[in-house]
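Scroll down for the structure; my scribbles are underneath it.
2 protein chains.
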Amino acid sequence: MAKNETVTLMDIVRRTGLSKGTVDRVLHNRGEVSRKSYDKVMRAAEELGYKPNVYASLLASPRRIVIAVLLPYQAPDSFWALSASGIERARESVEGLGGTIVKVEYDQYSMDSFREACGRLLEMEPSGVVIAPLFKHETSLLAEELRAKEIPYVYIDSKPDDDGYLAYFGMPMYDSGYLCADQLTGGQDVGSALVIRIRRDKLRQSDPTVNRRAGFLDYLAEHVPACTVHSVFIDPNEPERIDGTLDGFFAAHPEVRDIAMFNSRIHLIVPWLEAHPRPGRRVVGFDNLAANIAALRRGTVSALIAQHPDEQVRLAIDALADILLLKRAPARRDNFMHMDILTRYNVEYY
Amino acid sequence: MAKNETVTLMDIVRRTGLSKGTVDRVLHNRGEVSRKSYDKVMRAAEELGYKPNVYASLLASPRRIVIAVLLPYQAPDSFWALSASGIERARESVEGLGGTIVKVEYDQYSMDSFREACGRLLEMEPSGVVIAPLFKHETSLLAEELRAKEIPYVYIDSKPDDDGYLAYFGMPMYDSGYLCADQLTGGQDVGSALVIRIRRDKLRQSDPTVNRRAGFLDYLAEHVPACTVHSVFIDPNEPERIDGTLDGFFAAHPEVRDIAMFNSRIHLIVPWLEAHPRPGRRVVGFDNLAANIAALRRGTVSALIAQHPDEQVRLAIDALADILLLKRAPARRDNFMHMDILTRYNVEYY
DNA sequence: TTTGATTCCGTGCACGTTCACGGAAATTTT
DNA sequence: AAAATTTCCGTGAACGTGCACGGAATCAAA
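Protein chains in written order, with this note's numbering: chain A, 1 to 350; chain B, 1 to 350.
Have a look at this one:
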């Protein structure tokens, strides 16, 4: 207490009269130690307030960790590309600690590709895994395997039913939809709104935006009950058909003005919007893709809600590094990132 | 390139035929090395891609750093109290690296107190300093002293005229005012708005919110030119007089509805606002004090603009630790934090 | 009592740096 | 050419921990 010096393992050695080796065995409880010595060391450690020097440990131990990150292929300026910077930042710190980070990518529209990625991941025997789970069933198989091998794993973006994960970093989807509706209407009494959705194949993919839509609709029901919500489906693989779809919709519903979209693809309808300007129109979307931000700057998009996929991976990797390297459990298991509202006036400093 | 192993200082030794000591002297360029050896080592380091092992360095070097943080006394739930968590987070990592963080507090309304704090700071001979500069002249004296002693320093919150600082972390004040006006009016044509300001004594304190006000007024001039802006002054030390002041103002200007405030004290007028509810009224303030957030949750305040004083100190301390411990210069010198828009619908996850 | 097995423990090297110290080599002075 | 400097360089002991190895002590079996 009184002494300001840092207390080392050798202090425990001196205090207990035992040896380095024994003290070390106790501290890592790997047995081969008598009950009596065990207690003596524990008491001494407690009393002296011993904190192991992490860097000395790292230096001494030959073990190097490998963290695998399983996520969809990061097409340029796509949602998943946003996470790249987070991975790089995490890489810096983890590599400084003698670890490695390996990306394992899959095609987010192909279950086979996901399955194949899982195989690649397992055979590289990582020390820890970050998972962006888009396929429910396949993910649970992977998780089972990891649990059997006692490899800790962390979910990002969304979280399946599963109880063996180390931590989860994601966005509160329902609340983000609620917020989206508030940004769209401002609680004002708008008569109607259009929601643009992505046509999905009937893959057994989980669609995380369903909760977002629920939040959106609940907000309207509570704050703007008279508002009618229309839906229109587009296909990102056929961008040339989007204009026609929108033309068709607005011919039938000229009174609709405000538009929301629950995924990162709001930029897909920007060309149409800019070809059909309308004063006072509010447009709200998600995620800070470069294309979205450009539209925000031009005023075509009123607000974007950003969820920091980069922060998510970074924190996920850090949590794994903490437990693997420093043996420190994450503070919270379920972590919700904050939702940032981006407008043309604050996007500059983002 | 080909070998996957980490390259150590000893690899350079082997490659150059020189000794550990010489290589070390070159790497830390502390002289006593011939030109020829110097070049040889540098070339080898370059070619091998040598990265020093930080932890081995830390282990070997006896030097422990002390980072002093000079900032106003952190009254409970005040703006400066927000930075506490950032200091604590930085403390964790810095103490892990064998450093210490010391807060040096002063009374933000007393220049004598600031001067006295500078004295205390200097005599503890810190290795680096974080400064929240509220008094222009005194700050420049301190900075001069630090430069003479070659102690690196970082500004947070605001930045005086000075060119010797290592880095600056703050908020773009002008733009925050612009954003504030946008959040208040939404670009809609409001007839008038009220700005509530803090009465200041004629100390030679710098008032960082002047730029914020400029941004605010410019937005209105550009987007809502017909809008009339009124000002009212209140004194935080006489909260009991606030109600009267506002009563007086609104008796004379009943048409005014929307209210903005450029500092963290929006909570001061919340009691009055809640005693005088008015439908559709927009109220915008700054900073996520607990009192402000409570009012935001209740809907009394429409939006808060948050500037992350905690992130500011944390990054500032990290920048110092980087340069002092790892000899790594900050990526950017002037760093503007992002401005977050807080509403009752996204404040939950903040 | 001797042997063998078991449980427990200490020794010593390694990890990649930093840095003080002492000394060789090169250069200048007498 | 010897002495005195100056410039440059190598050696070796830390820093705090991990871990392999070998050996002492204890106990059971012969």
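All residues carry an ideal CB built from backbone N, CA and C; glycine is no exception.
Going by the CB atoms, is the gap between residue j and residue i shorter than 9 Å?
{"i": "ILE156/A", "j": "ALA143/A", "result": "no"}
{"i": "LEU273/A", "j": "ALA295/A", "result": "yes"}
{"i": "LEU134/A", "j": "GLN108/A", "result": "yes"}
{"i": "SER34/B", "j": "PRO309/B", "result": "no"}
{"i": "ASP175/A", "j": "TYR350/B", "result": "no"}
{"i": "PHE249/A", "j": "HIS230/A", "result": "yes"}
{"i": "GLN312/B", "j": "GLY86/B", "result": "yes"}
{"i": "GLY215/A", "j": "LEU179/A", "result": "yes"}
{"i": "GLY191/B", "j": "ALA226/B", "result": "yes"}
{"i": "VAL94/A", "j": "ILE242/A", "result": "no"}
{"i": "SER140/A", "j": "ASP112/A", "result": "no"}
Ordered along the chain, which non-local residues of its own chain (more than five positions away) have a Cβ less than 8 Å from that of residue i?
{"i": "ALA117/B", "result": "LEU70, VAL104, GLU105 and TYR106"}
{"i": "LEU58/A", "result": "LEU97, GLY98 and LEU325"}
{"i": "GLU32/B", "result": "ARG25"}
{"i": "MET1/B", "result": "With a pLDDT of 34 at MET1/B, under the threshold of 50, the modelled position of that residue is not reliable, and the figure given next carries that caveat. Once the five neighbours on either side are set aside, the close Cβ partners of MET1/B are GLY49."}
{"i": "VAL102/A", "result": "VAL66, ILE67, ALA68, VAL69, MET124 and PRO126"}
{"i": "MET10/A", "result": "LYS20"}
{"i": "ARG14/A", "result": "none"}
{"i": "LYS51/B", "result": "THR6 and VAL7"}
{"i": "HIS323/B", "result": "For the record, residue 323/B in the displayed sequence is Ile; it is not His. Excluding sequence neighbours, ILE323/B sits near GLY128, PRO152, LEU166, ALA329 and PRO330."}
{"i": "LYS159/B", "result": "PRO133, TYR165, TYR168, GLY170 and ASP334"}
{"i": "MET42/B", "result": "VAL26"}
Below 7 Å on C-beta distance, what does residue i contact in chain A?
{"i": "HIS230/B", "result": "What HIS230/B touches in chain A: nothing, since even the nearest Cβ is about 23 Å away."}
{"i": "HIS186/B", "result": "Just to set this straight, residue 186/B is Gly in the shown sequence, not His. The contacting residues are GLY186."}
Considering only residues of the same chain and omitting the five flanking positions on each side of residue i, which have a CB-CB separation below 6 Å?
{"i": "PRO330/B", "result": "ALA167 and ALA319"}
{"i": "LEU246/A", "result": "TRP272"}
{"i": "SER206/B", "result": "LYS136"}
How would you list, in chain order, the residues of chain B whose beta-carbon sits under 8 Å from the beta-carbon of residue i?
{"i": "ASP318/A", "result": "What ASP318/A touches in chain B: nothing, since even the nearest Cβ is about 12 Å away."}
{"i": "PRO172/A", "result": "GLU348 and TYR349"}
{"i": "HIS338/A", "result": "ASP340, ASN346, TYR349 and TYR350"}
{"i": "LEU179/A", "result": "THR343, TYR345 and ASN346"}
{"i": "ASP310/A", "result": "Those do not exist, as ASP310/A stays about 13 Å from chain B at its closest Cβ, beyond 8 Å."}
Leaving out the 5 sequence neighbours to the left and right, which residues in its chain are closer than 7 Å to residue i when beta-carbon positions are compared?
{"i": "ARG89/A", "result": "ARG314"}
{"i": "ARG265/B", "result": "ILE198 and PRO236"}
{"i": "LYS3/B", "result": "Here the model assigns LYS3/B a pLDDT of 40, short of 50, so the residue's position is not dependable, and the following value carries that caveat. Correct list: empty, nothing qualifies."}
{"i": "LEU342/A", "result": "ASN288, LEU296, ALA303, LEU304, ALA306 and TYR350"}
{"i": "PHE336/A", "result": "GLY170, MET171 and PRO172"}
{"i": "ARG120/A", "result": "VAL104"}
{"i": "ASP334/A", "result": "TYR168"}
{"i": "ARG281/B", "result": "ARG257 and ASP258"}
{"i": "ALA290/B", "result": "ASP77"}
{"i": "ASP189/A", "result": "VAL224 and ALA226"}
{"i": "ASP54/A", "result": "It should be pointed out that residue 54/A corresponds to Val in this sequence rather than to Asp. So the qualifying residues of the chain are LEU326."}
Considering only DSSP beta bridges, list what residue i is partnered with.
{"i": "LEU342/A", "result": "LEU304/A"}
{"i": "LYS103/B", "result": "VAL69/B"}
{"i": "THR228/B", "result": "SER192/B"}
{"i": "PHE336/B", "result": "GLY170/B"}
{"i": "ALA260/A", "result": "VAL195/A and VAL284/A"}
{"i": "VAL129/A", "result": "ALA68/A and TYR153/A"}
{"i": "PHE249/A", "result": "According to DSSP, which records beta bridges pairwise, PHE249/A is partnered with nothing at all."}
List, in order along the chain, the chain A residues whose C-beta lies closer than 9 Å to that of residue i?
{"i": "THR300/B", "result": "The contacting residues do not exist; THR300/B stays about 14 Å from chain A at best."}
{"i": "ASP218/B", "result": "The premise fails here: ASP218/B is roughly 11 Å from chain A at the closest Cβ pair, so nothing lies under 9 Å."}
Assuming residue i contacts residue j under a Cβ cut-off of 8 Å, what Cβ separation, rounded to an integer in Å, is found between them?
{"i": "LYS36/B", "j": "THR16/B", "result": "Incorrect: roughly 10 Å between the Cβ atoms, too far for contact."}
{"i": "ARG212/A", "j": "GLY177/A", "result": "4 Å"}
{"i": "ALA193/B", "j": "ALA251/B", "result": "That belief does not hold up - the Cβ atoms of ALA193/B and ALA251/B are roughly 18 Å apart, past 8 Å."}
{"i": "GLY186/A", "j": "GLY186/B", "result": "7 Å"}
{"i": "ILE12/B", "j": "ALA45/B", "result": "6 Å"}
{"i": "PHE114/A", "j": "GLU150/A", "result": "With 8 Å as the limit, PHE114/A and GLU150/A do not qualify as a contact, their Cβ atoms being about 23 Å apart."}
{"i": "VAL284/B", "j": "ASN292/B", "result": "No, VAL284/B and ASN292/B are not in contact; Cβ-Cβ is about 11 Å, not under 8 Å."}
{"i": "PHE262/A", "j": "PHE233/A", "result": "That pair is no contact at about 12 Å."}
{"i": "ASP387/B", "j": "ASP182/A", "result": "Residue coverage of chain B in this structure runs from 1 to 350, which leaves residue 387/B outside it and unanswerable."}
Using a cut-off of 7 Å between C-beta atoms, extract the partners of residue i located in chain B.
{"i": "TYR55/A", "result": "TYR55, LEU58 and LEU59"}
{"i": "ASP207/A", "result": "What ASP207/A touches in chain B: nothing, since even the nearest Cβ is about 22 Å away."}
{"i": "GLY96/A", "result": "VAL54"}
{"i": "ASP182/A", "result": "THR343 and TYR345"}
So which residues of chain B does residue i contact, with C-beta pairs closer than 9 Å?
{"i": "GLY49/A", "result": "Neighbours of GLY49/A on chain B: none; closest Cβ ~13 Å, over 9 Å."}
Run through chain A and tell me which residues come within less than 8 Å of residue i, C-beta to C-beta.
{"i": "ASP175/B", "result": "TYR345, ASN346, GLU348 and TYR349"}
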